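Protein chains in written order, with the working numbering: chain A, -13 to 310; chain B, 25 to 543.
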């Protein structure tokens, strides 16, 4: 078995363990949250018989070990259960909203890359100039401003004042263009912080690479500065950025909740949020399971992609270490 | 062959994946023609459309528009008028005869509405089919013995006991919705949780989960057609987002959560702010079983130490009137002469000293994490500090807060700010304060045998004068307990486009989409 294969298998085993651990922690936490789920779900007029029936259907009458066993047993069979209120399969509920979250996440990361990388390149190629300092202030500002504040101001400026974009982040017509337009503000509000991160990261990585010997050699050969920066140096400086992007995708898949709430956009975050408020634990558990799964799988793919991105790593066993 | 993924390819792939997600994020939508539809904000998505197992007003309002009842409420009022019934007659205290209008057709070809459908709809509340959960709203039909079918369109409701509230709580409201027996049998009760087969003026034509719910005018509706061909409901959890969507004209009608929101939207062109007195009730309650609140003098002292008008001014910008008792003005049993307890700090201090708490005491106020309640809690904290009471505020999220009356948490509860929604019949308001509700919704854990007996009597007395008198006496008992400091019956605030005239029942949460009309 090659080193790479051994590494992949060990990462997959780790992924499964992380999933198991996360679900165990989550399940334990839900046991400590105050509030009778049946009562919260059914409301004040619910008859005692209805409350009892719902508790039984949710398995709340079972001992804790039985609840845990039932939950993991169902997950292993790929059965996330049925929502006790609406009667809908929970997997369907999650899959209904997941595409919205995926679209939002990749749009946000796309915007962040499109703006953050040029900003970082500019700062690295103009170190210690006024432009570099302005870029630094902008980047740190983007990182520091809470995303929800950005979201509210984006709505006030671009939806209410200028009337360029709609407030609500979901299309009723289902048309591609309408969906794209409605994606702009939520994605931008999520992207701003990442623009700052990426710009700073690209700047520092690029500065490091620009001091490498091969860059000096390229300059000595008289290759144009633009070619050196964008063709040779940026490629080598991209590895840490790709790592951060992988993390960002994973985090945004579950962490886009504020954008989903503020823009009234369906998504996995708002689904979990609503389910927590109503103590609909089966939906919470299924939603979190999917988010954790996507997070660890994304990071696994990013880790594995290092060896593909840089052949030198592949020769060293694809362990994801820094370049020599 | 070895394949390398370049960085550029990786980024291109990522972008392509993001864009590829877009078409999949497009479930089927009904198209809303500009100017032909009304867009309404609802605060959550629908959960269960079975009238017997509905969750709240989101489902209730959809069912009110898509289903028919024997009787219904007239627009904007609790006046009972016929709906599917051609005639309704209370033969005696326990018998109601009905005759259906012929030719009422259920949606989607499920046939004509008959008395058998009425029987099935009402009796299933207390006799669910095999495999069905018990009805959540079984209490609404607890007085029903059976429904006798006397003809295709006629029948008789036989009650176990006189039940004056039946007309307002069950027959004319959501529990009175007539479902298609055939649809339930063919589709199954699980499917009917997210499907409506009604016969009302609207038909639910589309539900995109967490996105929108579309009600389209029912072309086969037997009666005056609705004024708008389409009502679109948008689930928007965050009130601020709803207000912004209203300002950007993406929403035409929304309930507002505060007077300040109303003041902000008032300035918007083309906006009408609707301000209607409500029948809900907000109060500060005290757990009479928990020391030191088990001492009447302590409760009286707290009531005397609080300046309710000041609390209302701070928490609701003075935009709401003060409540003096449980029943709001206009309801049967409204206590016109209820005492107005004014702040008297000296008297409060004297009572506390008499109760052995002259050196002060520590108490806890439990409240929901809503801005108005939090402000009310802070003002109460400052006011009680003047008489030596150190009030700790316990601010909780909805899920935790609404379970605080149960078990050990309920026993340890001290003071709480509570808000309950009202309905047209006073029995709905009093039901939470009986002894049997201790451990559930009677958070004050106040128990009065006289109150319980009178509640049972008023529940089964047809004579309105007797009922009114009984309910007033029950409120007197509550006042004597000093366990309740009534704050307000609230106002219902709505923002609506000036071309739209909505129909809202007096409790503010129940809307009649079928009676929405152009202004």
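Using N, Cα and C, we set each Cβ at its ideal position, and we do this for glycine too.
Because the structure is a prediction, the values reported are computed rather than measured.
(message) If you reduce the DSSP assignment to three classes, tell me which class residue 29 (chain B) lands in.
(response) Unreliable positioning characterises residue 29 (chain B) in this predicted model, as indicated by a pLDDT of 45, which lies under 50. A coordinate reading is not provided.
(request) Name, please, each residue of chain B whose Cβ falls closer than 8 Å to the Cβ of residue 29 (chain A). (result) What residue 29 (chain A) touches in chain B: 79, 80, 160.
(request) Return helix, strand or coil for residue 152 (chain A), following the three-state DSSP convention. (result) coil
(message) Which of the three DSSP states is assigned to residue 180 (chain A) in this structure?
(response) helix
(request) Could you tell me which chain B residues have their CB closer than 8 Å to the CB of residue 263 (chain A), listed as they occur along the chain? (result) 421, 422, 423
(request) Can you give me the Cβ contacts of residue 253 (chain A) inside the same chain, cut-off strictly under 7 Å, excluding the 5 residues immediately before and after it? (result) 83, 86, 87, 90, 242, 246
(request) Just the chain A side, please: which residues come within less than 7 Å of residue 535 (chain B) by C-beta, in chain order? (result) Per Cβ cutoff of 7 Å: no residues; residue 535 (chain B) is ~18 Å from chain A at best.
(request) Quick one: residues in its chain with C-beta nearer than 7 Å to the C-beta of residue 474 (chain B), no 5 flanking neighbours on either side, listed in chain order? (result) 501
(message) Please report the straight-line C-alpha distance between residue 270 (chain A) and residue 261 (chain B), rounded to a whole angstrom.
(response) 17 Å
(request) Could you have a look at residue 396 (chain B) and say whether DSSP puts it in helix, strand or coil? (result) Of the three classes helix, strand and coil, the one that applies to residue 396 (chain B) here is helix, per DSSP.
(message) Does chain B have any CB closer than 7 Å to the CB of residue 71 (chain A)?
(response) Yes - at least one Cβ of chain B is within 7 Å of the one on residue 71 (chain A).
(message) Residues of chain A with CB closer than 7 Å to the CB of residue 523 (chain B), please, in chain order.
(response) By Cβ distance, chain A contributes nothing, its closest Cβ being about 19 Å from residue 523 (chain B), past 7 Å.
(message) For a quick check, are the C-beta atoms of residue 249 (chain A) and residue 172 (chain A) less than 7 Å apart?
(response) Closer than 7 Å, so yes.
(request) Under 9 Å between beta-carbons, which chain A residues line up against residue 530 (chain B)? List them in chain order, please. (result) Simply none; closest approach about 19 Å.
(request) Could you tell me how far apart the beta carbons of residue 278 (chain A) and residue 77 (chain A) are, in whole angstroms, since I believe they sit closer than 8 Å? (result) The Cβ separation is near 15 Å, so there is no contact.
(request) Quick one: which unbroken alpha helix (DSSP H) runs of 4-plus residues sit fully inside the stretch 345 to 422 of chain B? Chain order, please. (result) 369 to 378, 395 to 409
(message) Less than 6 Å between C-beta atoms, sequence neighbours within five positions excluded: which residues of the same chain meet that for residue 180 (chain A)?
(response) Cβ neighbours of residue 180 (chain A) beyond the five flanking positions: 98, 234.
(request) Decide if the stretch 359 to 377 of chain B is in contact with the stretch 406 to 424 of chain B; the criterion is three or more beta carbon pairs, one per stretch, under 8 Å apart. (result) yes
(message) Between residue 48 (chain A) and chain B, is the shortest Cβ-Cβ distance under 7 Å, so that the two count as touching?
(response) It does not; no Cβ of chain B falls within 7 Å.
(request) Using a Cβ-Cβ cut-off of less than 7 Å, give me the residues of the stretch 205 to 234 of chain B that come near chain A, in sequence order. (result) 214, 217, 218, 233, 234
(request) Mark residue 279 (chain B) as exposed unless 16 or more other C-beta atoms lie within 10 angstroms of its C-beta, in which case mark it buried. (result) With 16 or more other CB atoms across the displayed protein chains lying within 10 angstroms of its CB, residue 279 (chain B) is buried.
(request) Out of B:443, B:322, B:298, state which residue places its alpha-carbon closest to the alpha-carbon of residue 520 (chain B). (result) Cα-wise, what sits closest to residue 520 (chain B) is B:298.
(message) Tell me the DSSP secondary structure of residue 485 (chain B) in three-state form.
(response) coil
(message) For the ligand MG, is there any heavy atom lying closer than 6 Å to the beta carbon of residue 324 (chain B)?
(response) Absence of the ligand MG from the depicted structure is noted, as is the absence of any ligand whatsoever, leaving it without description.
(request) Could you name the residues of the same chain whose beta carbon sits closer than 8 Å to that of residue 92 (chain B), not counting the 5 residues immediately before and after it, in chain order? (result) 107, 108, 128, 137, 201, 202, 222, 223, 224
(request) Taking residue 28 (chain A) as the reference, give the member of B:157, B:207, B:116, B:301 with the closest Cα. (result) Considering only B:157, B:207, B:116, B:301, the residue with the shortest C-alpha distance to residue 28 (chain A) is B:157.
(request) Would you identify the three-state DSSP class for residue 472 (chain B), choosing helix, strand or coil? (result) coil
(message) So for residue 478 (chain B), helix, strand or coil by DSSP?
(response) In the structure shown, the three-state DSSP call for residue 478 (chain B) is helix.
(request) Please confirm if residue 93 (chain B) has its CB atom under 7 Å from at least one CB of chain A. (result) no
(request) Examine chain A for any beta-carbon lying closer than 7 Å to the beta-carbon of residue 302 (chain B), and answer yes or no. (result) No, residue 302 (chain B) lies away from the interface with chain A (no Cβ there is under 7 Å from its Cβ).
(request) Could you tell me whether the Cβ of residue 42 (chain A) comes closer than 7 Å to any Cβ of chain B? (result) no
(request) Following the continuous alpha helix (DSSP H) through residue 11 (chain A), name the residue where it begins and the one where it ends. (result) -11 to 18
(message) Which same chain residues end up closer than 8 Å to residue 420 (chain B) when comparing Cβ atoms and leaving out the 5 residues on each side of it in sequence?
(response) Correct list, in chain order: 390, 391, 392, 393, 428.
(message) As a quick exercise: from B:63, B:284, B:155, B:320, pick the residue whose alpha carbon is nearest that of residue 235 (chain B).
(response) B:63
(request) Using a Cβ cut-off of 9 Å, pull out every chain A residue sitting near residue 100 (chain B), in sequence order please. (result) Correct list: empty, because the minimum Cβ distance to chain A is about 24 Å.
(request) Would you mind giving the Cβ-Cβ distance between residue 139 (chain B) and residue 80 (chain B), rounded to the nearest angstrom? I have them listed as a contact below 8 Å. (result) At roughly 30 Å, the Cβ-Cβ gap does not stay under 8 Å, so residue 139 (chain B) and residue 80 (chain B) are not in contact.
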